[in-house]
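Residue numbers (our numbering), protein chains in the order written: chain W, 142 to 493; chain P, 142 to 493; chain Z, 142 to 493; chain H, 142 to 493.
Where is the CB? At the ideal position from N, CA and C, for every residue including glycine.
Note sheet for the following structure.
4 protein chains.
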Amino acid sequence: MIIVMKPDSPESEIENIIGEVKQWQLTPEKIQGTTQVVIGLVGDTATMEISRIQELSPWIQEVLRVGKPFKRASLEFRHGHYSEVVVNTPNGPVPFGKNHPVVVVAGPCSVENEEMIIETAKRVKAAGAHFLRGGAYKPRTSPYAFQGHGESALELLAAARAATGLGIITEVMDTADLEKVAEVADVIQVGARNMQNFSLLKKVGAQDKPVLLKRGMAATIDDWLMAAEYILASGNNNVILCERGIRTFDQKYTRNTLDLSVIPVLRDLTHLPMMIDASHGTGKSDYVPSMSIAALAAGADSLMIEVHPNPAKALSDGPQSLTPEKFDRLMQELSVIGKTVGRWSQPAVALA
Amino acid sequence: MIIVMKPDSPESEIENIIGEVKQWQLTPEKIQGTTQVVIGLVGDTATMEISRIQELSPWIQEVLRVGKPFKRASLEFRHGHYSEVVVNTPNGPVPFGKNHPVVVVAGPCSVENEEMIIETAKRVKAAGAHFLRGGAYKPRTSPYAFQGHGESALELLAAARAATGLGIITEVMDTADLEKVAEVADVIQVGARNMQNFSLLKKVGAQDKPVLLKRGMAATIDDWLMAAEYILASGNNNVILCERGIRTFDQKYTRNTLDLSVIPVLRDLTHLPMMIDASHGTGKSDYVPSMSIAALAAGADSLMIEVHPNPAKALSDGPQSLTPEKFDRLMQELSVIGKTVGRWSQPAVALA
Amino acid sequence: MIIVMKPDSPESEIENIIGEVKQWQLTPEKIQGTTQVVIGLVGDTATMEISRIQELSPWIQEVLRVGKPFKRASLEFRHGHYSEVVVNTPNGPVPFGKNHPVVVVAGPCSVENEEMIIETAKRVKAAGAHFLRGGAYKPRTSPYAFQGHGESALELLAAARAATGLGIITEVMDTADLEKVAEVADVIQVGARNMQNFSLLKKVGAQDKPVLLKRGMAATIDDWLMAAEYILASGNNNVILCERGIRTFDQKYTRNTLDLSVIPVLRDLTHLPMMIDASHGTGKSDYVPSMSIAALAAGADSLMIEVHPNPAKALSDGPQSLTPEKFDRLMQELSVIGKTVGRWSQPAVALA
Amino acid sequence: MIIVMKPDSPESEIENIIGEVKQWQLTPEKIQGTTQVVIGLVGDTATMEISRIQELSPWIQEVLRVGKPFKRASLEFRHGHYSEVVVNTPNGPVPFGKNHPVVVVAGPCSVENEEMIIETAKRVKAAGAHFLRGGAYKPRTSPYAFQGHGESALELLAAARAATGLGIITEVMDTADLEKVAEVADVIQVGARNMQNFSLLKKVGAQDKPVLLKRGMAATIDDWLMAAEYILASGNNNVILCERGIRTFDQKYTRNTLDLSVIPVLRDLTHLPMMIDASHGTGKSDYVPSMSIAALAAGADSLMIEVHPNPAKALSDGPQSLTPEKFDRLMQELSVIGKTVGRWSQPAVALA
């Protein structure tokens, strides 16, 4: 940490700060600039809050952090080794990570009925997907919109899992539902709107299933990694980060702005695997193929793609869902790029 | 609702849409433009989702909503009459609303210990505040930061209430804690990070205590009013909206961008009372007075102001807290403007 | 400046940087932290670019600036004394600044014809305005929209000036027009879209008329003050800053988000006077009164308010213009608050 | 255009609007909804301003545009045929467009001296680039930063062109410099900060050289295409759009947020070719390769990549420049993906 004092700060104030800081087992080092004094704090400041220091004196102009605010999520924490999150599915273990083939997660926004979810599961499996996504509990902007079938949808997901062997990814919205969701899900999703629902983060961190953590609409990279840190600090090391578009000033042609630059940025900062969801990221099915291909080419570890057997009749998010036919075509295109960049799984795995 | 068809849409597709729409008890009216067809949907479309319609055909260019997506929160729902939310406090009922004096809510970010919360309560009461704010459960970006004293802090708030007669406003973060919080709080706060925690919204809507709903960091006005709609639709009519700053591209000198224009905008759209929190809105105590005065002059119904007996030692949010002395001075300045605009409560009330 | 090295930077790299920096007449001071080295640069770094330093080595993690990137615009540059910008108008000198009454600038978006501009000038003068605003050259999003009457409109502004004695504020869009504009204008406006048109900034800085510098739609406070610095560094000290709303994620009910917190922030950072334009800031005439009143209460030095004799027939920006009657009423309300906060000019001045 | 009236609008007001609108040669069609009236305007409204209509009555709730605000830039204007912009360079004509190989533009941020620019030109040509970029006039946030060598740098660009046969892309910042720039440049760049410098747009539109139009930092897609429309409407059809990152709430790890979703969006909306500048888009050389590869995979027509022989000594934007060695490697990777997607030029062309 570095404390920058305001110009003309009284010497007594500086001494005061230095005294306080020493009590925190930190070694202060003072640099006398031409107009301002700067105090470097040497020691373990990783989990120290900036605001705690700022409050020490009204003469403090700014407190700057050297190093990152997150710790367990950082690449340094694992000495530069990238994590792999291995998920056990009926079809066998599927690893997410930098050194593994890209993992494709596909399925409808919400689970509507048995026939549709099983049909979709079979179609996406045949096309090469490794996981089925589908919402039982749906966060909807309007209280009058379809809120998901809840518990009964979880049963349908279990049936689709049994029928296809695909792993299941589904969202939990309430700590009260966690146990039920964890019974069915192979990966538990925390949605964008709950990214800073810290109670929920602690509870998914205190159970065993891997967690897919979507980025909040206005979450900085640091906010997002700090949310992951909540889960890691609660004892669960299996966290996958999912970019799904951020909110910017232009929402006319795309619902969100898909921030693909997180791919190299996260690779620099964290050991955790990352997924790109171009369906929510753009909100329009026409834009999903090119953005999914771009994500794969840029190095994403996993792709989430919404697929619905009949988007025109979907109970939610139809406009961003691909038909199974379009998904087949996209998987074909992805496989070409995926093989080129060495991130495509062998047919044997896809068909396992 | 208005459906805008793409140029050169096939006639059969248009007929198809018209057929579907009639099944929904809506009357479609077609306008043939020079290049595009537009279909107006006459009937009750208030709670209909745009995406449901958009999915009807790939030839639909856009679906535009006429009227607002929210209903119970709208000013029209109460035929232009503004709500008043009356909160019973030991000192007597305190009404929030357009036709009432401005209500001042003050107190520390978090409840730290008995002495500090009771001292603060006494000081802010003496200065004319009507409510004490103070966090028992604290949403913090970092898992390593102070998370609030939880249940024991609720007891201290109850003690401060008993000691001063002030109403209590405190935050609930988890549906599991709602009952405990509701026992102590006169107004239950839903924080910015939980504004779209729909499980929580439904549950605070299903109980009786008034709810203070903070605006999310990236919430549009519509998102915010839809969140209020969740509470209203669940049966609780006592909702107060609180602006606390939004996230924009400039976060160097203020933590958030306080959007004071919500004051006239909300007055146009909704009957609900509104509060402005300049402490979170700016993040710096030096900027709180001018922004609180501006909010009052612009017509806010209530002000939230963080006050801490010793900001330099605060466990959270010290940099944005006023000292009791600075709060006294600000209340003095507010009273001058408040009297000028006819929104200041008589001393008799402040001292009740 | 502070250089933060990446963890495990080679000692030779650090020595290298220290060597380079010494050649720039700076004194490097090294702090050895537990995982990272930090190098403080002592000396005159105010006008040094961060990127120049960052390029010294790929082992540099970050370069942090201590102090501000602007110099002449800073409050320190004038040792804490606030500037006053005094503009000579036919009615006498009008000072803008912290220690002067609020200055009101009113008039239409664009100059449409002689009758309308002279009528408007008379009406706003009668209501107490000190300046007439009106566009001769108009920046319009669409090439098909009315672009202003150009040179002939400048003549009409001169006529309105002669008829009322009001000072004239009008925009320059092209360096080629500067001379013509400067002949008529008492204050030359640089619009939001040209805030970083550096050629234009240098040229308005190299002439004598005071300059009104509007904040760009996505300009940070630092960007804005650096744009002012261009004018100041070119020799013109008479700069007034004008906030007119920034672009954020919500543009449904207001065209821009008026950032009133710039009032206390700028007061902290710069000696320059500041103006608030609630007409562009909100884009809706209904919201202009409350936001103008808020700006005055918060301490703005000047207000810009669009007034049009017949907004329904305006050639541009009608929806945000007040009628003369509404402007009269607003001036009445402003005078009440203005007197309360001691920032309202005596009638004698308004009628001078 | 669609006019949405407020609930309970008086019939006389509606008749009034209908009367006005007929005078504009438009056919109004009225739809009577359950609470609101909607009026469709049939006729040529493409170049009509929304605000002109909104001003017709205070009872108008909203005016919605059917179809796009731009015309010449729209894909419909060319009946679904994509433009190609063919630039004549000493090495032969280079076409930009959907049906052509990707065009690579490389070079330093600014032209520093003869040796560096010629060396860079030779290196990027050898690696397969088609154009040399390099700034003679540089828009810099600070007046104290290097502003470019101006006219003398133009001569050096001409020398590099002569030495290598590469086409030249360089920026014009001031209408006064246009002629000089056009003498040397094969493509004239309008920078992000001047995207809405309408005087400059009109003047580059009135000359013959192709124009590269960078997206403004806070420009919506519509704003950007309207800026292109200025150039097209002034008579110059050779416009290339360049995405270079937008400003969002997170600027810690990337300077801007590169919006790659413009690739499919622009393809839907406009016939104009598009370029992606990942160097400015991310601001960090480490992130340029993956984002350039993503852009190519997603279908961009052209890539701009900053290359500097010695980034550590660059006079501007060093941190985002690749060394020639890294550029060689990136071109190698691009060629693999480019061949896979069928957008890579034959060696014969690159060496022409």
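Where residue i meets chain H, residues with beta-carbon distance less than 9 Å
i, result
"D364 of chain Z", "T282"
"Y428 of chain W", "S402, I404, P405, V406 and D409"
Contact set between residue i and chain Z, taken where Cβ atoms lie within less than 7 Å
i, result
"D391 of chain P", "T361 and I362"
"V477 of chain P", "T481"
"Y394 of chain P", "I362 and V406"
Nearest-angstrom Cα separation, counted from residue j out to residue i
i, j, result
"I333 of chain P", "A247 of chain P", "The sequence shown places Ala at residue 333 of chain P, rather than the Ile named in the question. A333 of chain P and A247 of chain P: Cα-Cα distance of roughly 18 Å."
"Y371 of chain Z", "V328 of chain W", "55 Å"
"Y223 of chain W", "L413 of chain W", "7 Å"
"A368 of chain H", "Q348 of chain P", "53 Å"
"K163 of chain W", "P450 of chain P", "24 Å"
"I158 of chain P", "S375 of chain P", "33 Å"
"N397 of chain W", "L407 of chain H", "16 Å"
"L475 of chain H", "L410 of chain W", "25 Å"
"M357 of chain P", "W485 of chain H", "Correcting the residue type first, residue 357 of chain P is Gly in the shown sequence and not Met. Going by the C-alpha atoms only, they are around 46 Å apart."
"V204 of chain H", "G346 of chain Z", "41 Å"
"W365 of chain W", "G424 of chain W", "21 Å"
"V403 of chain H", "V322 of chain Z", "39 Å"
"R385 of chain W", "F390 of chain H", "16 Å"
"G160 of chain Z", "G174 of chain Z", "20 Å"
Listed by chain order, chain W residues near residue i by CB distance under 7 Å
i, result
"D315 of chain P", "T316 and S340"
"T423 of chain H", "S402"
Strand pairing of residue i, partner residues [DSSP]
i, result
"I329 of chain P", "P:T311 and P:V352"
"S443 of chain P", "P:V244 and P:M416"
"C383 of chain Z", "Z:K355 and Z:M416"
"S215 of chain P", "P:T411"
"T398 of chain P", "P:I387"
"T230 of chain H", "H:G233"
"I144 of chain P", "P:I180 and P:V204"
Beta-carbon neighbours of residue i, restricted to chain Z and to distances below 8 Å
i, result
"E370 of chain W", "Under the 8 Å cutoff, chain Z gives no residues; its nearest Cβ is about 18 Å from E370 of chain W."
"V179 of chain W", "I143, G181 and V207"
"K454 of chain H", "E196"
Proximal residues of chain Z, C-beta to C-beta of residue i below 9 Å
i, result
"E217 of chain W", "P148 and T176"
Neighbouring residues, chain H, relative to residue i (Cβ below 7 Å)
i, result
"L205 of chain Z", "Under the 7 Å cutoff, chain H gives no residues; its nearest Cβ is about 12 Å from L205 of chain Z."
"E154 of chain P", "Near E154 of chain P there are no residues of chain H at all, since even the closest Cβ is about 17 Å away, more than 7 Å."
"S431 of chain W", "I404, P405, A439 and G440"
"I159 of chain P", "Those within 7 Å of I159 of chain P in chain H number zero; the least Cβ separation is about 14 Å."
"G357 of chain P", "Simply none; closest approach about 13 Å."
Listed by chain order, chain P residues near residue i by CB distance under 8 Å
i, result
"R388 of chain H", "F390"
Cross-chain neighbours of residue i in chain H, by beta carbon under 8 Å
i, result
"P460 of chain Z", "S192, Q195 and E196"
Contacts that residue i makes with chain P (C-beta to C-beta distance below 7 Å)
i, result
"Q337 of chain W", "P280 and R334"
Per-residue contacts from residue i into chain W (C-beta, under 8 Å)
i, result
"E170 of chain Z", "I172"
* Asked: Is it a yes or a no for the stretch 455-473 of chain Z touching the stretch 152-160 of chain H, going by three-plus beta-carbon pairs under 8 Å?
  -> With the cut-off at 8 Å, the stretch 455-473 of chain Z and the stretch 152-160 of chain H do not touch.
* To do: Determine, using beta-carbon pairs with one atom in the stretch 255-265 of chain Z and one in the stretch 423-438 of chain Z, whether at least three such pairs fall under 8 Å.
  => Judged by Cβ distances under 8 Å, the stretch 255-265 of chain Z makes no contact with the stretch 423-438 of chain Z, as fewer than three pairs qualify.
* To do: Only counting runs of 4 or more residues, tell me where the alpha helix (DSSP H) segments fall wholly within the stretch 236-299 of chain Z, in order along the chain.
  => Segments of the alpha helix (DSSP H) lying fully in the stretch 236-299 of chain Z: 255-268.
* Asked: Taking the runs of the alpha helix (DSSP H) that are 4 residues or longer, which of them lie wholly in the stretch 152-192 of chain Z?
  -> Counting whole runs of 4 or more residues, the stretch 152-192 of chain Z contains the alpha helix (DSSP H) stretches 152-164.
* Asked: Are three or more beta carbon pairs between the stretch 232-246 of chain W and the stretch 283-297 of chain W nearer than 8 Å?
  -> A contact between stretches requires three or more CB pairs, one per stretch, nearer than 8 Å, and the stretch 232-246 of chain W fails this requirement with the stretch 283-297 of chain W.
* At least 3 beta-carbon pairs within less than 8 Å: the stretch 189-206 of chain H vs the stretch 452-465 of chain Z -> The answer is yes - the stretch 452-465 of chain Z touches the stretch 189-206 of chain H, with three or more Cβ pairs under 8 Å.
* Taking one C-beta from the stretch 303-322 of chain P and one from the stretch 274-285 of chain P each time, how about it: are there three or more such pairs within less than 8 Å? -> Yes, since at least three Cβ pairs between the stretch 303-322 of chain P and the stretch 274-285 of chain P fall closer than 8 Å, the two stretches touch.
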